[in-house]
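Numbers 41 to 508, taken from the numbering used here, label the letters of the sequence shown in order. Built from N, CA and C at the ideal position, the CB exists for glycine as well. These notes concern the structure reproduced below.
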Amino acid sequence: MQKVIGGITYECYPLTTAQLVHISTLRYSPTGEIVNIGTGQYLQMALNIAALREALNRAVERCESMRMRIWKDPETGELWQYIEPYRNEFFEYYDFSEWQEDRVTEVLNKWTSQPFDTYGGKLSRIVIVSLPNGYNGFYFNVHHSCMDSSSVIAFSKDVMEIYSALLYGTPYPKPTASFIESVKKDLAYEGSAKQKKDEAYWHKQLDMGEPIYTDFTGPGRLIALRRENNNPDQRWGKLTTSNGDGSTITYELDVDSTNKIMDFAKKYDLPVSVVILHAIRTVLSKFNNNETDICIRNFVSRRSTLLFKKCGGVRMHCFPMRTIVPLDSTVLESMQIIRKAQDELFLHADYSTLKYMQEQRERFGFEPGGCYHSVNFTYQPGTINGIVDSLKGIGFKSRWYSSGKQPQPMYITAMHRPGDGGLNFYFGYQLDSATPEEIEFLYYFTGRVLFRSIENPDKTVKEIIDMT
Numbered sequence: 041m042q043k044v045i046g047g048i049t050y051e052c053y054p055l056t057t058a059q060l061v062h063i064s065t066l067r068y069s070p071t072g073e074i075v076n077i078g079t080g081q082y083l084q085m086a087l088n089i090a091a092l093r094e095a096l097n098r099a100v101e102r103c104e105s106m107r108m109r110i111w112k113d114p115e116t117g118e119l120w121q122y123i124e125p126y127r128n129e130f131f132e133y134y135d136f137s138e139w140q141e142d143r144v145t146e147v148l149n150k151w152t153s154q155p156f157d158t159y160g161g162k163l164s165r166i167v168i169v170s171l172p173n174g175y176n177g178f179y180f181n182v183h184h185s186c187m188d189s190s191s192v193i194a195f196s197k198d199v200m201e202i203y204s205a206l207l208y209g210t211p212y213p214k215p216t217a218s219f220i221e222s223v224k225k226d227l228a229y230e231g232s233a234k235q236k237k238d239e240a241y242w243h244k245q246l247d248m249g250e251p252i253y254t255d256f257t258g259p260g261r262l263i264a265l266r267r268e269n270n271n272p273d274q275r276w277g278k279l280t281t282s283n284g285d286g287s288t289i290t291y292e293l294d295v296d297s298t299n300k301i302m303d304f305a306k307k308y309d310l311p312v313s314v315v316i317l318h319a320i321r322t323v324l325s326k327f328n329n330n331e332t333d334i335c336i337r338n339f340v341s342r343r344s345t346l347l348f349k350k351c352g353g354v355r356m357h358c359f360p361m362r363t364i365v366p367l368d369s370t371v372l373e374s375m376q377i378i379r380k381a382q383d384e385l386f387l388h389a390d391y392s393t394l395k396y397m398q399e400q401r402e403r404f405g406f407e408p409g410g411c412y413h414s415v416n417f418t419y420q421p422g423t424i425n426g427i428v429d430s431l432k433g434i435g436f437k438s439r440w441y442s443s444g445k446q447p448q449p450m451y452i453t454a455m456h457r458p459g460d461g462g463l464n465f466y467f468g469y470q471l472d473s474a475t476p477e478e479i480e481f482l483y484y485f486t487g488r489v490l491f492r493s494i495e496n497p498d499k500t501v502k503e504i505i506d507m508t
């Protein structure tokens, strides 16, 4: 639909259900930086700053979602999105090479905490930077409504490949896909046969009966809520905060341990995410009196086709993945139950996250902010390892910066490190919901369960719990 914005006519489209999740987050947050994604991509080599500026401009030109703007109709309040025409940009350069690393991180975290003007303003910021120890590259902050982590990784890779093509004559990267075409496909989903099939699946999940909340600190929070509400049978929990103040903690798993996980997954033809999810849900069971009914909210990137893999934008949906695993199930049986649940969730993940949250609340009658999961999880297999040959063998590091806000009480991201391929576990958490000590405790036991499980795949879940 055409709209006149600032005296210019644009082709406008409604926001997708994935984008509306982040708009909903903004509505319940007192500050806008809660939807910021701050990252940095750095190579341990001298960079040609002019070539990098050119590469950044070419990447922005190729990526429609980097030029996406959101407009709120002043008369109706409706939200629309449109694509700004490409305009060449001069990216700033900051030299932090003589600084201490901690001080640089503090500055980049502060940059990440600067909110964007969601309705009408530019939704990204890129700065070329030099870091200590000879690392150079670019800092990238982007609004979550126009990019998710998969898009950030793909965009960063595109920049590096264009840079290499400009400087070393390597093949120019293949064209990216149209973000707007992906938006059209998402909008066409509404009312389709696929939506009806997905709706039937999620309603069937509701028909299973009410789940039970399992907290990552144990049953204490649920017990306290039962007393507060004078309801000894209450099954829903609550992890909310008034301001979204948050932080991140990163744990780095060594390469040998990572390879053990990867080898196990390959041997038994299992997704790596399933192996990790088995560990997390078993820990939640252990911490909650050996509960067999566990919900973990799983984030799905929904990039199954070439268009969706290369279109940028945000395609993340999230749903509670409920698994009921008897304690006498073996590790491998547990993982197969989780795999089936995850496969079904992925198959039906085009359904609206916000709609399902509302339907679940209406079915079970919990208060606003109520839920049955204490942990959100995503696994990111993609790294920048696929970079062109001319840049391989050069020291590389990728950094994720904190805005000081977190949209989820507890969000675990398992992501492979660029370079050595080892796993990093990022714990994003709200300060009102967790302490660093509680997160360390959770990570410690998750690691114990994970490796006891892959070392003893024929042991029962109860035996693994007792061993840890």
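Cut-off 8 Å between Cβ atoms - residues of its own chain near residue i, not counting five sequence neighbours on either side
| i | result |
| --- | --- |
| serine 443 | Glu73, Ile74, Asn76, Gly78, Asn149, Thr152, Ser153 |
| asparagine 305 | In the sequence on display, residue 305 carries alanine and not asparagine. These residues qualify, in order along the chain: Pro311, Val312, Val314, Val315. |
| glycine 258 | Phe327, Asn328 |
| glycine 426 | Confidence at glycine 426 is low in this model, with a pLDDT of 49, below 50, so the placement of that residue should be treated as unreliable; the coordinate-derived value is given next. Contacts found: Lys197. |
| asparagine 330 | Leu367, Lys502, Ile505 |
| tyrosine 53 | Met41, Trp120, Gln121, Tyr122, Ile220, Val223, Lys224, Leu227 |
Distance between residue j and residue i (C-alpha atoms, nearest Å)
| i | j | result |
| --- | --- | --- |
| lysine 236 | valine 295 | 44 Å |
| histidine 243 | isoleucine 336 | 18 Å |
| glutamate 384 | alanine 319 | 20 Å |
| isoleucine 63 | alanine 91 | 36 Å |
| aspartate 255 | tryptophan 276 | 10 Å |
| aspartate 390 | aspartate 238 | 7 Å |
| isoleucine 424 | alanine 194 | Residue placement at isoleucine 424 is flagged as unreliable, the pLDDT there being 44, under the threshold of 50; the coordinate-derived value follows with that caveat. In a straight line, the C-alpha of isoleucine 424 is about 8 Å away from that of alanine 194. |
| glycine 515 | leucine 83 | Since the first residue of the chain shown is 41 and the last is 508, residue 515 is not available in this structure. |
| proline 458 | leucine 293 | 13 Å |
| arginine 191 | cysteine 351 | For the sequence presented, residue 191 should be read as serine rather than arginine. Going by the C-alpha atoms only, they are around 8 Å apart. |
| tyrosine 68 | tyrosine 484 | 33 Å |
| lysine 162 | serine 232 | 33 Å |
| threonine 65 | glutamate 115 | 23 Å |
| glycine 174 | valine 61 | 39 Å |
| arginine 362 | glutamine 470 | 23 Å |
| tyrosine 308 | valine 489 | 18 Å |
| glutamate 129 | valine 100 | 9 Å |
| serine 218 | threonine 210 | 24 Å |
| leucine 265 | proline 272 | 9 Å |
| valine 139 | tryptophan 111 | A quick correction: the sequence has tryptophan, not valine, at residue 139. So the two alpha carbons sit approximately 40 Å from each other. |
| tyrosine 156 | serine 164 | For clarity, residue 156 is phenylalanine in the given sequence; the question names tyrosine instead. Cα to Cα, the separation comes out at about 8 Å. |
| glutamate 268 | glutamate 104 | 50 Å |
Pair within 9 Å by beta-carbon distance, residue i and residue j
| i | j | result |
| --- | --- | --- |
| proline 476 | threonine 281 | no |
| proline 215 | arginine 343 | no |
| leucine 207 | asparagine 88 | yes |
| proline 172 | glutamate 141 | yes |
| threonine 298 | leucine 482 | no |
| isoleucine 263 | tyrosine 412 | no |
| phenylalanine 465 | alanine 474 | no |
| glutamine 1 | valine 182 | With the chain represented from 41 up to 508, any question about residue 1 goes unanswered, as that position is not in the structure. |
| isoleucine 479 | phenylalanine 467 | yes |
| histidine 388 | tyrosine 241 | yes |
| alanine 334 | arginine 321 | This sequence places isoleucine at residue 334; alanine is not what is there. It is a contact, given that the beta carbons lie within the stated cut-off. |
Contacting residues, own chain, Cβ-Cβ under 6 Å from residue i (five flanking each side not counted)
| i | result |
| --- | --- |
| proline 497 | Val371, Leu372 |
| phenylalanine 339 | Met356, Cys358, Thr418 |
| asparagine 416 | Arg337, Gln448, Tyr451 |
| arginine 107 | Ile123, Glu124 |
| asparagine 176 | Leu87, Ser170 |
| glycine 409 | Lys278, Thr280 |
| isoleucine 377 | Thr363, Val365 |
Own chain partners of residue i with C-beta closer than 7 Å, once the 5 adjacent residues on each side are dropped
| i | result |
| --- | --- |
| glutamine 59 | Ser185, Val354 |
| phenylalanine 348 | Ser222, Arg342, Arg355 |
| glutamate 51 | Gln42, Tyr122 |
| serine 392 | Thr57 |
| methionine 375 | Leu310, Val314, Val315, His318 |
Check: residue i C-beta below 8 Å from any heavy atom of the ligand ZN
| i | result |
| --- | --- |
| glycine 462 | In terms of ligand content, the structure shown is empty, and the ligand ZN therefore cannot be addressed. |
Test: residue i CB closer than 9 Å to a CB of chain D
| i | result |
| --- | --- |
| arginine 266 | Among the chains in the structure shown there is no chain D, since it carries only a single protein chain. |
contact_flag[the stretch 130-137, the stretch 167-182] where n(CB pairs < 8 Å) is 3 or more: Taking a cut-off of 8 Å for Cβ pairs, the stretch 130-137 and the stretch 167-182 touch, as three or more such pairs fall below it.
Inter-stretch contact (C-beta, 8 Å, three-pair minimum) for the stretch 307-314 and the stretch 362-370: Contact between the stretch 307-314 and the stretch 362-370 is absent: fewer than 3 CB-CB pairs across the two stretches fall below 8 Å.
Ordered list of beta strand (DSSP E) runs contained in the stretch 274-307, each at least 3 residues: The stretch 274-307 contains these whole beta strand (DSSP E) runs: 286-292.
Unbroken stretches of the beta strand (DSSP E), 3 residues or longer, contained in the stretch 377-441: For the stretch 377-441, whole beta strand (DSSP E) runs of length 3 or above, ordered along the chain, are 416-420, 436-441.
Every unbroken alpha helix (DSSP H) inside the stretch 188-239 [4 residues or more]: Counting only runs of 4 or more, we get 189-208, 219-229.
Segment contact flag, the stretch 181-194 with the stretch 83-100, C-beta cutoff 8 Å, min 3 pairs: No, they do not touch.
Contact the stretch 238-252 vs the stretch 395-404: 3+ CB pairs below 8 Å: In short, these stretches touch, since the Cβ pair count reaches three.
Runs of alpha helix (DSSP H) lying entirely within the stretch 100-174, each at least 4 residues, in chain order: Counting only runs of 4 or more, we get 141-152.
Unbroken stretches of the alpha helix (DSSP H), 4 residues or longer, contained in the stretch 302-379: Segments of the alpha helix (DSSP H) lying fully in the stretch 302-379: 312-327, 346-350.
Any alpha helix (DSSP H) of 4 or more consecutive residues that is wholly inside the stretch 52-90: Here the runs fully enclosed are 57-67.
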